[in-house]
Amino acid sequence: MTDPMTDADDRPVLIVGASMAGLRTAENLRRAGYAGPITFLGAEPHAPYNRPPLSKELLQTEGQGHEDVAFPIRSALEENVEWVLGRAAASLDTERQVVVDETGAEHPYRALVIATGLRPKPLPIDDHGLTGIHVLRTLDDAVALRQALRPGANVVILGSGFIGCEIAATAAKAGAATVSVVSQSRIPLERAIGPQLGAEVRRRHEAHGVRFFCENGLFGLVGDPSVERVILTSGVMLECDVLVVAIGSDANTEWLEGSGLDASDGVLVNGGLQAVRADGTVLENVYAVGDVARYPNPLFDEVARRVEHWNLPTETGKRAGQVLAAHLRGDDCAPIIEAPFAPLPSFWSDQYDMHLLAFGMTYLADRSEVVAGTLEDECVVEFFRGDELVGVCGIGMRGAVQGYRSRFTPPVAAR
Amino acid sequence: MIKIDVDMNKCQHYGQCVFEAPEVFQLNADDKLEYQAEAPDEMLGDLEAAADVCPMQAITLMRE
Numbered sequence: 000m001t002d003p004m005t006d007a008d009d010r011p012v013l014i015v016g017a018s019m020a021g022l023r024t025a026e027n028l029r030r031a032g033y034a035g036p037i038t039f040l041g042a043e044p045h046a047p048y049n050r051p052p053l054s055k056e057l058l059q060t061e062g063q064g065h066e067d068v069a070f071p072i073r074s075a076l077e078e079n080v081e082w083v084l085g086r087a088a089a090s091l092d093t094e095r096q097v098v099v100d101e102t103g104a105e106h107p108y109r110a111l112v113i114a115t116g117l118r119p120k121p122l123p124i125d126d127h128g129l130t131g132i133h134v135l136r137t138l139d140d141a142v143a144l145r146q147a148l149r150p151g152a153n154v155v156i157l158g159s160g161f162i163g164c165e166i167a168a169t170a171a172k173a174g175a176a177t178v179s180v181v182s183q184s185r186i187p188l189e190r191a192i193g194p195q196l197g198a199e200v201r202r203r204h205e206a207h208g209v210r211f212f213c214e215n216g217l218f219g220l221v222g223d224p225s226v227e228r229v230i231l232t233s234g235v236m237l238e239c240d241v242l243v244v245a246i247g248s249d250a251n252t253e254w255l256e257g258s259g260l261d262a263s264d265g266v267l268v269n270g271g272l273q274a275v276r277a278d279g280t281v282l283e284n285v286y287a288v289g290d291v292a293r294y295p296n297p298l299f300d301e302v303a304r305r306v307e308h309w310n311l312p313t314e315t316g317k318r319a320g321q322v323l324a325a326h327l328r329g330d331d332c333a334p335i336i337e338a339p340f341a342p343l344p345s346f347w348s349d350q351y352d353m354h355l356l357a358f359g360m361t362y363l364a365d366r367s368e369v370v371a372g373t374l375e376d377e378c379v380v381e382f383f384r385g386d387e388l389v390g391v392c393g394i395g396m397r398g399a400v401q402g403y404r405s406r407f408t409p410p411v412a413a414r
Numbered sequence: 000m001i002k003i004d005v006d007m008n009k010c011q012h013y014g015q016c017v018f019e020a021p022e023v024f025q026l027n028a029d030d031k032l033e034y035q036a037e038a039p040d041e042m043l044g045d046l047e048a049a050a051d052v053c054p055m056q057a058i059t060l061m062r063e
């Protein structure tokens, strides 16, 4: 075996997950001077693409496909990059530095980047093999759901998070006969953006004819061969041609079982995005980026979390690319790693003509306060954990919301 | 010079680019995006970061 610290090692940087986070890592590796081989191993058949339009534009525009959402491949990645698509990783051996894919083929690596992302949680009850049941994560999911969302359809959405609410808005606009949102929560989006904004979101959906069945769940399904009705735990029965399950996601980490990594809820990494083993030691040539990475953010506290917000695949990819490039050069990575990794989470949601824009970790808050405008029109809402500002969310008023970014600065020293 | 093009049919005025390259991208008083069509080469890093974070992937950069 060749020494991984010398240029004589011709094994590639292996990026598992042909995703946005994987792509951003590769771009930043190149930017930081690594010109060696890179291999992407992706479970989906598609090259990396942008997911936000999947619950919005792509879901409502007939004919849109991969070319409408594909990320451009920068010239730095045209050379010395191999794409192995349509093959999921099956196992990892960090001693031999090999990933085995689902066909049994081995992929040796010099350094590994884990970017396998998430998958939607499945229907929590028996589906009896019925068709007409959808989730939304991948491009193929979105195309299948678009074909199902015909005018006149009765649509039931399980879950009232951002994805569930965006699908409800898209279905209502697409001319569904009925749109019903079934949720365990008391108020839609309550966990994400609090009870005030959640109630306002509900009001706006109801103005478009969407019905909410809160503090409720699915008891059973009726139909053959496709779902026709759903029975709620409250006893209500709803007509249902299309059932969408949008109750959150699980990290794609099964392939890491037995690898020694701490992958209990996403892959635990240090401030350099380097994987931490269950025994606490760090693997300097294994990284995790994007939705699958779990790390503390010193803007808020020292709790390692998996955070599923728009800008974090880019931020984690940037950091991992810089650290890994230094590692591959044989440089001391400590100075980069010791600088706080404190990306400010950023997210938004479009539903009808309502534009939500948020920064921070609003869901850490124990209270929220409208500080400008009114909920019924446009507003800015601040989120506090005790006295500490942990997030801000606006309906409209984007300039004002943007202005809050400078209020989130990592504590100096100490961390 | 770097030429900057924003596809205004795609742009939803999220303003994510504003944070990465405020010299080039701004939200005006109506919260609509305004930008300069050219910038010096040394801004490439910031501009690529702005293009990367655009939720609609509406920003195209061309080096002249």
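Read top to bottom, the protein sequences are chains A and B. Yeah, the first sequence ends on 414 if you go by numbering that gives the first Met the number 0, and it's all consecutive. Yeah, the second sequence ends on 63 if you go by numbering that gives the first Met the number 0, and it's all consecutive. A virtual CB, placed ideally from N, CA and C, is assigned to each residue, including glycine. Note that the coordinates shown come from a computational prediction; the quantities given were computed from them, not determined experimentally.
{"query": "Straight-line CA distance for residue 97 of chain A to residue 88 of chain A?", "result": "11 Å"}
{"query": "Closest by CA to residue 384 of chain A, which one among A:58, A:63 and A:361?", "result": "A:361"}
{"query": "Would you call residue 251 of chain A buried or exposed, if buried means 16 or more other Cβ atoms sit within 10 Å of its Cβ?", "result": "buried"}
{"query": "Using alpha carbons as the reference points, say which of A:170, A:381, A:363 and A:364 lies closest to residue 370 of chain A.", "result": "A:381"}
{"query": "When the Cα of residue 374 of chain A is compared with those of A:22, A:45, A:76 and A:193, which residue comes out closest?", "result": "A:193"}
{"query": "To the nearest angstrom, report how far apart residue 413 of chain A and residue 333 of chain A are at their CA atoms.", "result": "Note that residue 413 of chain A scores 39 on pLDDT, short of 50, meaning its location in the model is unreliable; the coordinates nonetheless yield the value given after this. If you take the alpha carbons of residue 413 of chain A and residue 333 of chain A, they lie about 16 Å apart."}
{"query": "Report all residues from its chain with a CB closer than 7 Å to the CB of residue 345 of chain A; omit the five preceding and five following residues, and keep chain order.", "result": "308, 309, 310 and 358"}
{"query": "Give me the residue from B:46, B:49 and B:14 with the minimum Cα distance to residue 403 of chain A.", "result": "B:14"}
{"query": "Hey, out of A:70, A:22, A:284 and A:36, whose CA is closest to residue 93 of chain A's CA?", "result": "A:284"}
{"query": "Is the Cβ of residue 52 of chain A closer than 9 Å to any Cβ of chain B?", "result": "yes"}
{"query": "What residues in the stretch 343-359 of chain A bring their beta carbon closer than 8 Å to a beta carbon of chain B?", "result": "345, 347, 349, 354 and 356"}
{"query": "How would you write the range of the alpha helix (DSSP H) that residue 65 of chain A sits in, first residue to last?", "result": "65-68"}
{"query": "Find the nearest neighbour of residue 281 of chain A within the set A:288, A:272 and A:289, judged by alpha-carbon distance.", "result": "A:272"}
{"query": "Is residue 248 of chain A near the ligand NAD, with its Cβ less than 8 Å from a heavy atom?", "result": "The ligand content of the structure shown is nil, which means the ligand NAD is not present either."}
{"query": "By Cβ distance, which residues of its chain are closer than 7 Å to residue 52 of chain B, with the 5 residues on each side in sequence left out?", "result": "15, 16 and 19"}
{"query": "Quick check: is the beta carbon of residue 66 of chain A nearer than 9 Å to any beta carbon in chain B?", "result": "no"}
{"query": "Name the DSSP bridge partner or partners of residue 4 of chain B?", "result": "B:59"}
{"query": "Say whether chain B places a C-beta atom closer than 9 Å to the C-beta of residue 71 of chain A.", "result": "yes"}
{"query": "Quick one: measure Cβ to Cβ for residue 254 of chain A and residue 54 of chain B, integer angstroms, because I've assumed they're closer than 8 Å.", "result": "Rounded, the Cβ-Cβ distance is 29 Å, inconsistent with contact."}
{"query": "Please classify residue 127 of chain A as buried or exposed, where buried requires at least 16 other C-beta atoms within 10 Å of its C-beta.", "result": "exposed"}
{"query": "Kindly indicate if chain B contains any beta-carbon less than 9 Å away from that of residue 313 of chain A.", "result": "yes"}
{"query": "Would you grab the beta carbon distance between residue 423 of chain A and residue 350 of chain A for me? Rounded to a whole angstrom, and I think it's under 8 Å.", "result": "Because residue 423 of chain A is not part of the residues shown, which for chain A are 0 to 414, the question remains open."}
{"query": "For residue 186 of chain A, which of helix, strand or coil comes out of DSSP?", "result": "coil"}
{"query": "Where does the unbroken beta strand (DSSP E) through residue 38 of chain A begin, and where does it stop?", "result": "37-41"}
{"query": "Is there contact here, the stretch 38-52 of chain A with the stretch 78-86 of chain A, by at least three beta-carbon pairs under 8 Å?", "result": "yes"}
{"query": "Under three-state DSSP, which class holds residue 157 of chain A?", "result": "strand"}
{"query": "Excluding the five sequence neighbours on either side, which residues of its own chain have a C-beta within less than 6 Å of the C-beta of residue 91 of chain A, listed in chain order?", "result": "98, 255 and 258"}
{"query": "According to DSSP, is residue 385 of chain A part of a helix, a strand, or is it coil?", "result": "coil"}
{"query": "Please decide whether residue 39 of chain B counts as near chain A, where near means a Cβ-Cβ distance under 9 Å.", "result": "no"}
{"query": "From residue 130 of chain A to residue 49 of chain B, what does the alpha carbon distance come to, in whole angstroms?", "result": "42 Å"}
{"query": "Since residue 323 of chain A and residue 12 of chain A are thought to touch, with beta carbons under 8 Å apart, how far apart are those beta carbons, to the nearest angstrom?", "result": "7 Å"}
{"query": "Can you tell me which of the three DSSP states residue 273 of chain A falls into?", "result": "strand"}
{"query": "Quick check on the burial criterion: 16 or more other C-beta atoms within 10 angstroms. Buried or exposed for residue 35 of chain B?", "result": "exposed"}
{"query": "Check each residue of the stretch 12-45 of chain B: if its Cβ is closer than 7 Å to any Cβ of chain A, include it; give the result in chain order.", "result": "12, 13, 14, 15, 17, 18, 26 and 30"}
{"query": "Buried or exposed: which applies to residue 421 of chain A, given that a residue is buried once 16 or more other Cβ atoms fall within 10 Å of its Cβ?", "result": "Only positions 0 to 414 of chain A appear in this structure, which leaves residue 421 of chain A out of reach."}
{"query": "Taking just the CA atoms, how far does residue 197 of chain A sit from residue 190 of chain A?", "result": "9 Å"}
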